[in-house]
Amino acid sequence: MNRETLLAQAGARRDVFGAVSMPIYQTATFAHPALGQSTGYDYSRSGNPTRTALEETLAQLDGGARACTFASGLAAIDAILRLFQTGDEIIVTEDLYGGTFRLFEKIYRQIGITAIYVDTSDTAAVAAALTKNVKAIFVELPTNPLLKVADLTALAALARDRQALLIVDNTFLTPALLRPIEHGADLVVYSGTKYLSGHNDIIAGAVVAKTAELGERLYFYQNAAGAILAPLEAWLFLRGLKTLALRVERAERNALAVAKMLARHPRVKKVHYAGLPTDAGYERLKKQASGAGAMAAFSVDDPALVPAILANVKVFIFAESLGGVESLITFPAVQTHAEIAPEIRERLGITDRLLRISVGIENVHDLVADLESAINN
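Under the numbering used here, residues 727 to 1103 are what the sequence shown spells out, in order.
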């Protein structure tokens, strides 16, 4: 089935009683039919029918062998990092989400797993950073918040040559626009909080594994560490998936209109959005994905303009996170990327003049007028 059909029927035809909407199995434990027998479910940390329906749907959407869902996107990344051991090195996108940076630097570096930060949109730079100890390449596509675009096929070839894993954070584009496994990825990770569930009402994470063997290893950590997604959140996640294709299509159309306005504005010095033909990642993204998504960032000409914009927006909401139906505006340097040292942020371009926007599904004219007015004031 096409992705739109899979999404519209997420969770359907999976209940033993024929419920079209997969029920919420709000239970901690399950009765055994007899000694030595099981229905396939024993304890909800190890497996729950609602969560199974979600995980099977996600695996289908991404073309993977197995999916595991978690209590947050960071819990999903944490499960992936448990696959590695002391002495291993991982090449990581340099302008990545601050929470992921914190996980690498404050937890896994302490146990001897080293992140090597590289501009992953530069394939030659990634190749130059490969050492005998590199066991994985971890890529955000596009990156957060500068929206850079990596060549996944080229990075997959580099990873294969070193018998390393290619891990792709596909939170911004989702399987509605990009399926990284088709381009050579071994693992695809999501903050399910964002576009996949789409309504800013749950915290969730997911990993889709290309092979059953990788999926089984992830399931072991999911069960052993226990950072699982609860049944109610799994059901809300499933319900959100049903409209993913429609939401992404509308939000992307809105984002392009907003990005075009920003590109024309005299007080905006740079727009980061791969849907603009002038963007450095435009052609590369077209070869890999069916769209550019609805995330964008822009730099203004004066840091003093940033608080004024945040105070004056009336349609955009000044809040962290992204991917919901509501449009949000964020100041990465002091919110999502505060964990990164100021000198590193400055070098990367995550400055005191950069704002990131998550464009939602509101009326496009309201969005353009709101942001333009806030910049002008």
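Each residue gets a CB set at the ideal place from its N, CA and C atoms; glycine is no exception.
Under 7 Å Cβ to Cβ from residue i, same chain only, skipping five residues before and after it: list those, please.
{"i": "residue 923", "result": "930, 962, 963, 966"}
{"i": "residue 1094", "result": "983, 984, 987"}
{"i": "residue 952", "result": "771"}
{"i": "residue 1011", "result": "875, 1000, 1018"}
{"i": "residue 813", "result": "838, 859"}
{"i": "residue 869", "result": "819, 821, 822"}
{"i": "residue 785", "result": "791, 792, 793, 934"}
{"i": "residue 781", "result": "793, 794, 795"}
One question on the structure: do residue i and residue j come within less than 8 Å of each other, judged by their Cβ atoms?
{"i": "residue 1000", "j": "residue 875", "result": "yes"}
{"i": "residue 900", "j": "residue 984", "result": "no"}
{"i": "residue 998", "j": "residue 873", "result": "yes"}
{"i": "residue 932", "j": "residue 916", "result": "yes"}
{"i": "residue 1080", "j": "residue 1055", "result": "no"}
{"i": "residue 865", "j": "residue 821", "result": "no"}
{"i": "residue 1097", "j": "residue 1039", "result": "yes"}
{"i": "residue 846", "j": "residue 819", "result": "yes"}
{"i": "residue 1022", "j": "residue 981", "result": "yes"}
{"i": "residue 815", "j": "residue 840", "result": "yes"}
{"i": "residue 776", "j": "residue 960", "result": "yes"}
{"i": "residue 710", "j": "residue 1053", "result": "The question about residue 710 has no answer here: the residues shown for the chain are numbered 727 through 1103."}
{"i": "residue 748", "j": "residue 737", "result": "yes"}
{"i": "residue 862", "j": "residue 810", "result": "yes"}
{"i": "residue 993", "j": "residue 1031", "result": "yes"}
{"i": "residue 995", "j": "residue 734", "result": "no"}
{"i": "residue 797", "j": "residue 955", "result": "yes"}
{"i": "residue 903", "j": "residue 1015", "result": "yes"}
Per DSSP, what kind of secondary structure is residue i in: helix, strand or coil?
{"i": "residue 852", "result": "helix"}
{"i": "residue 984", "result": "helix"}
{"i": "residue 844", "result": "strand"}
{"i": "residue 965", "result": "helix"}
{"i": "residue 866", "result": "strand"}
{"i": "residue 1114", "result": "The question about residue 1114 has no answer here: the residues shown for the chain are numbered 727 through 1103."}
{"i": "residue 835", "result": "helix"}
{"i": "residue 1101", "result": "helix"}
{"i": "residue 793", "result": "strand"}
{"i": "residue 872", "result": "coil"}
Go through its chain and collect everything with a Cβ distance to residue i's Cβ below 8 Å, but skip five positions before and after it.
{"i": "residue 769", "result": "754, 755, 756"}
{"i": "residue 910", "result": "878, 879, 881, 882, 883, 885, 886, 892"}
{"i": "residue 759", "result": "765"}
Counting only the same chain and skipping the five closest in sequence on each side, list residues whose C-beta sits under 6 Å from that of residue i.
{"i": "residue 807", "result": "834"}
{"i": "residue 912", "result": "891, 892, 936"}
Task: Sequence ranges, beta strand (DSSP E) only - wholly within the segment 795-828, length at least 3 - done: 815-819
TODO: Say whether the segment 850-868 touches the segment 888-899, bearing in mind that this needs 3 or more beta-carbon pairs closer than 8 Å, one atom from each stretch.
DONE: yes
TODO: For the segment 928-946 and the segment 790-806, state whether three or more C-beta atom pairs, one from each stretch, are separated by less than 8 Å.
DONE: yes
Task: Segments of 4+ residues assigned as alpha helix (DSSP H) that fall wholly inside the segment 1058-1082 - done: 1068-1074
- [ ] List in chain order: all unbroken alpha helix (DSSP H) runs of 4+ residues lying wholly within the segment 887-957.
- [x] 900-903, 938-951
Task: Segment contact, 8 Å Cβ cut-off, at least three pairs: the segment 1034-1049 with the segment 1064-1072 - done: no
- [ ] Any chance you could list the alpha helix (DSSP H) runs of at least 4 consecutive residues sitting entirely within the segment 971-1037, in chain order?
- [x] 1008-1014
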